[in-house]
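Residue numbers (numbering that gives the first Met the number 0), protein chains in the order written: chain P, 0 to 304; chain D, 0 to 227.
Here is the structure we will look at, set down as structure tokens.
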Amino acid sequence: MKIRTLIRHVCEGARYVWRNGWMSFASISAMAVSMLVLGVFVIVALNVNALTQNIENEIKIKVYLDIAYPRAQVPMVQNQIGSIPGVKRITFVSKEEELEQTRLRWGEEGKKLLQSQKKDPNPFPDAFVIEVYEPRQVDDVAARILELNDTNTPKPIWKLNYGADTVRKLFAMIDVVRYIGIGLIAALTIMSVFLIANTIKLTITARRSEIAIMKLVGATHTFIRWPFFIEGSLIGMIGALIPVLILSILYDRLLLYAETEIGFLREVLLPAHESMSVIALFLLVLGQLIGLWGSVISIRKFLRV
Amino acid sequence: MIELQDVYKTYPDGGVALRGVHVRIERHEFVYLVGPSGAGKSTMLRLIYREDRPTQGTIFVNNFNLAKLGMRKIPFLRRSIGVIFQDFKLLPKRTAYENVAFAMEVVEAPSKTIRKRTMEVLDLVKLADRSHAFPSQLSGGEQQRVAIARAIVNKPLVVVADEPTGNLDPETSWDIMRLLEEINFRGTTVIMATHNKDIVNTLRKRVIAIERGIIVRDEPRGEYGYED
Ligand SMILES: Nc1ncnc2c1ncn2[C@@H]1O[C@H](COP(=O)(O)OP(=O)(O)OP(=O)(O)O)[C@@H](O)[C@H]1O
Ligand SMILES: [Mg+2]
Chain P
0 MKIRTLIRHV
10 CEGARYVWRN
20 GWMSFASISA
30 MAVSMLVLGV
40 FVIVALNVNA
50 LTQNIENEIK
60 IKVYLDIAYP
70 RAQVPMVQNQ
80 IGSIPGVKRI
90 TFVSKEEELE
100 QTRLRWGEEG
110 KKLLQSQKKD
120 PNPFPDAFVI
130 EVYEPRQVDD
140 VAARILELND
150 TNTPKPIWKL
160 NYGADTVRKL
170 FAMIDVVRYI
180 GIGLIAALTI
190 MSVFLIANTI
200 KLTITARRSE
210 IAIMKLVGAT
220 HTFIRWPFFI
230 EGSLIGMIGA
240 LIPVLILSIL
250 YDRLLLYAET
260 EIGFLREVLL
270 PAHESMSVIA
280 LFLLVLGQLI
290 GLWGSVISIR
300 KFLRV
Chain D
0 MIELQDVYKT
10 YPDGGVALRG
20 VHVRIERHEF
30 VYLVGPSGAG
40 KSTMLRLIYR
50 EDRPTQGTIF
60 VNNFNLAKLG
70 MRKIPFLRRS
80 IGVIFQDFKL
90 LPKRTAYENV
100 AFAMEVVEAP
110 SKTIRKRTME
120 VLDLVKLADR
130 SHAFPSQLSG
140 GEQQRVAIAR
150 AIVNKPLVVV
160 ADEPTGNLDP
170 ETSWDIMRLL
180 EEINFRGTTV
190 IMATHNKDIV
200 NTLRKRVIAI
210 ERGIIVRDEP
220 RGEYGYED
């Protein structure tokens, strides 16, 4: 196709969008809303995904040894735990180290609090930190570690800690959010396609006599169809561009807010360029597809060329 | 060259418009298609420019075999045919110039050619000075001249006219006829369905008469032959 013809089609398509006024506005709005919801959903999904990966990588079992357990036997327990299948690494944290770390973590205020504590009695027990290969195996591994209390005397393990419950709840919640999101997006997408198809149907109806004359003087079918594809694609593009702009502004604000207000969020949120570029690309491509889909429906149905 | 061989046309509602039409029209000919209302004249013209398909029979137009013409090729047949109607069929929101240029734009002619050729044909139909008027600002005769300019702007081999003077007064009708004769004189085949007895009997050409879908008369320099 000649460049000049392409320009002509684009101008015609843009004119159709403009002339259709309210109908174009309605379909652009529907697109924008559904893309906005989708965008928010994708942002949340991206961040939650990164978050769960972090959490998964950080799932560790902390095994506290009984205070009374003799130090000399600790390496033996360490070997026993180390040979449990699924255990990736086991590190011994002595109570002295634990105290020191806590002191560091608590900083100035903690110093005072812990000063009185001196060296003894140290309130912390000795502990192991255990990393597993598969986060989802953590339950099994924990159970096997507890069994050591049955085979050893005295019982070496006082208690054991891992974030399994929290993680399980998080996964379940993510699944629910995912299904609701997918349902919402599907409904809104279908509505957008339907509205765009109707807008283009209006254009086709309004242009009936023009199309008839184009056919009569020998315009090819492709030539006649192009402006209608452009119309759909423009609606799709504008409908996606608006939420992309809104989302990038909002996400920027959120990052700014997280920086100053909430420590936890700052750790978790992906940097703007990382998530927004993915989302912008995704929404724009999807917007085009929805727009074209809408035009194809109407062109097939109402443009008998 | 146009040829219809054993052409039948039955409409989906059962109405029979053509029954066994044989006709051959050579290049450069000027042909009147006459006959009572409902005889099948418009139907025959529509089959020629492939607006419709025959129920049976073969049609050749400008070396296109219409029976074998795929949808994608129809535009190229249409470019070799200019069509004129009783009701002009101009685009109301476009000027005379734009109406004519439109026909060249949609076949993707270069813009320089469009400007030159559009002015050329507007000049031929004597509307160069009215080129920026909208159809609503033009008289019936002027509108029909714009339609003729549009029909010939892509240099078709054939011009098909369905009652081109049907909505015009006698004086204006003669302007249009002089124009069609001029176009024919320059080498374009003209086929014109008409009820205008005066014109057919004065500007003598080949006359093909149809009655109830059958060709009943075909004479060179014929007469109109009906009393309406
Ligand atoms: N689209 C159509 N559907 C059904 N029947 C049709 C259609 N067009 C024409 N006919 C019928 O076909 C027959 C021929 O019609 P046609 O329009 O070809 O006649 P005509 O010779 O052009 O008449 P007129 O001089 O009044 O224009 C008529 O009986 C008409 O009712
Ligand atoms: Mg007719």
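Positions of the beta carbon are idealized from the N, C-alpha and C atoms, including for glycine.
- [ ] Kindly identify the DSSP beta-bridge partner or partners of Asp161 of chain D.
- [x] BP columns for Asp161 of chain D point to D:Phe84, D:Ala192.
List, from N- to C-terminal side, the alpha helix (DSSP H) runs of 4 residues or more that fit wholly inside the stretch 13-90 of chain D. The qualifying runs are 40-47, 73-77.
Indicate, with yes or no, if ligand 1 has a heavy atom lying under 7 Å from the CB of Gly224 of chain D.
-> Flag unset: Cβ of Gly224 of chain D not near ligand 1.
* To do: Quick one: grab the DSSP three-state call for Ala25 of chain P.
  => Of the three classes helix, strand and coil, the one that applies to Ala25 of chain P here is helix, per DSSP.
- Query: What number of angstroms, rounded off, separates the C-alpha of Gly139 of chain D from the C-alpha of Arg71 of chain D?
  - Reply: Approximately 35 Å between the Cα atoms of the pair.
So, do the stretch 196-207 of chain D and the stretch 23-41 of chain D have three or more beta carbon pairs nearer to each other than 8 Å? With the cut-off at 8 Å, the stretch 196-207 of chain D and the stretch 23-41 of chain D touch.
Going by other Cβ atoms of all chains shown within 10 Å of its Cβ, with 16 needed for buried, is Asp168 of chain D buried or exposed? Asp168 of chain D should be labelled exposed.
- Item | Distance cut 6 Å, beta-carbon to ligand 1 heavy atom: residue list by chain order | One residue after another in chain order, those with a Cβ under 6 Å from a heavy atom of ligand 1 are D:Tyr10, D:Asp12, D:Gly14, D:Ala16, D:Gly34, D:Ser36, D:Gly37, D:Ala38, D:Gly39, D:Lys40, D:Ser41, D:Thr42.
| Asp161 of chain D beta carbon near ligand 2 (any heavy atom closer than 7 Å) | Yes, since a heavy atom of ligand 2 falls inside the 7 Å radius drawn around the Cβ of Asp161 of chain D.
Run the proximity test for Phe192 of chain D: is its beta-carbon closer than 7 Å to any non-hydrogen atom belonging to ligand 2?
-> Looking at the sequence itself, residue 192 of chain D is Ala, so the reference to Phe does not match. Answer for Ala192 of chain D: yes, Cβ within range of ligand 2.
Taking Arg340 of chain P as part of the alpha helix (DSSP H), name the residues at either end of that continuous run. In this structure chain P extends from 0 to 304, so residue 340 of chain P is not present and cannot be described.
Inspect the beta-carbon positions of Met30 of chain P and Ile296 of chain P and report whether they are closer than 8 Å. Result no, Cβ atoms of Met30 of chain P and Ile296 of chain P do not sit closer than 8 Å.
Whether or not the stretch 78-96 of chain D and the stretch 138-153 of chain D are in contact is what I'm after, with contact meaning three or more pairs of Cβ atoms, one per stretch, closer than 8 Å; do they touch?
A contact exists between the stretch 138-153 of chain D and the stretch 78-96 of chain D.
Exercise. Could you tell me whether any Cβ in chain P is nearer than 8 Å to the Cβ of Arg102 of chain D?
Key: Rather than Arg, the amino acid found at residue 102 of chain D in this sequence is Ala. Residue-level contact check: Ala102 of chain D touches chain P, since one or more beta carbons of chain P fall below 8 Å from its beta carbon.
TODO: Taking only beta-carbon positions, decide if Leu90 of chain D is within less than 8 Å of chain P.
DONE: Yes - at least one Cβ of chain P is within 8 Å of the one on Leu90 of chain D.
task = Assign Met172 of chain P to one of two classes, buried (16 or more other C-beta atoms within 10 Å of its C-beta) or exposed (fewer than that).
result = With fewer than 16 neighbouring CB atoms inside 10 Å of its own CB, Met172 of chain P falls in the exposed class.
Q. Going by alpha carbons, who is nearest to Phe75 of chain D out of D:Ala100, D:Glu25, D:Asp122, D:Arg49?
A. Minimum Cα distance to Phe75 of chain D is reached at D:Arg49.
Compare the Cα-Cα distances from Lys67 of chain D to each of D:Ser79, D:Pro53, D:Ile80, D:Arg78 and report the closest residue.
-> Comparing Cα positions, the closest option is D:Pro53.
Ignore the nearest five residues each way along the sequence and tell me which others in Leu178 of chain D's own chain have a CB closer than 7 Å to its CB.
-> Apart from sequence neighbours up to five positions away, the residues of its chain that approach Leu178 of chain D with a beta-carbon distance below 7 Å are Val124, Arg144, Ile147, ordered along the chain.
Ordered along the chain, which non-local residues of its own chain (more than five positions away) have a Cβ less than 7 Å from that of Gln305 of chain P? Residue coverage of chain P in this structure runs from 0 to 304, which leaves residue 305 of chain P outside it and unanswerable.
Does His131 of chain D pass the burial test, meaning 16 or more other C-beta atoms within 10 Å, or should it be called exposed? So His131 of chain D counts as exposed.
*Taking Thr164 of chain D as the reference, which of D:Ala192, D:Thr188, D:Asn153 has the closest Cα?*
With distances taken between Cα atoms, Thr164 of chain D lies closest to D:Ala192.
Status (buried if at least 16 other CB within 10 Å, exposed otherwise) for Tyr223 of chain D:
Buried: at least 16 other Cβ atoms inside 10 Å.
Of the listed residues D:Pro11, D:Ala38, D:Phe87, nearest to Gly212 of chain D (C-alpha basis): It is D:Ala38.
Between the Cα of Arg149 of chain D and the Cα atoms of D:Ile198, D:Glu104, D:Ile190, D:Glu210, which residue gives the shortest distance? Comparing alpha-carbon positions, the option among D:Ile198, D:Glu104, D:Ile190, D:Glu210 lying closest to Arg149 of chain D turns out to be D:Glu104.
- Query: Under a three-way DSSP split, which group does Glu210 of chain D fall into?
  - Reply: In the structure shown, Glu210 of chain D falls within a strand segment according to DSSP collapsed to helix, strand and coil.
**Asked** Shorter than 8 Å from the beta carbon of Pro74 of chain D to some beta carbon of chain P?
**Response** Against chain P, the CB of Pro74 of chain D has a partner CB under 8 Å away; the residue lies at that interface.
- Burial state of His21 of chain D (16 or more Cβ within 10 Å): Flag for His21 of chain D reads exposed.
Problem - CB contact flag (Ile151 of chain D, Val60 of chain D, <8 Å) - result: Cβ distance not < 8 Å, so Ile151 of chain D and Val60 of chain D don't count as in contact.
Skipping 5 residues on each side, what residues in its chain have a beta carbon closer than 6 Å to that of Asn195 of chain D?
Take Asn195 of chain D, set aside five residues on each side of it, and the residues of its chain with a beta-carbon closer than 6 Å to its own are Thr164, in chain order.
In the stretch 122-188 of chain D, which residue ranges form an unbroken beta strand (DSSP E) of at least 3 residues, counting only runs that do not cross its ends? Unbroken beta strand (DSSP E) stretches of 3 residues or longer found wholly inside the stretch 122-188 of chain D: 157-161, given in chain order.
To the nearest angstrom, how far is it from the Cα of Val157 of chain D to the Cα of Trp292 of chain P? About 40 Å.
Discussion item. Quick check: is the beta carbon of Arg71 of chain D nearer than 8 Å to any beta carbon in chain P?
Written reply: Judged by the 8 Å Cβ criterion, Arg71 of chain D is in contact with chain P.
Which partner residues does Tyr63 of chain P have in the DSSP bridge list?
According to DSSP, Tyr63 of chain P bridges with P:Ala126, P:Lys158.
*How many angstroms separate the CA atom of Asp174 of chain D from the CA atom of Phe228 of chain P?*
Distance between the alpha carbons of Asp174 of chain D and Phe228 of chain P is about 43 Å.
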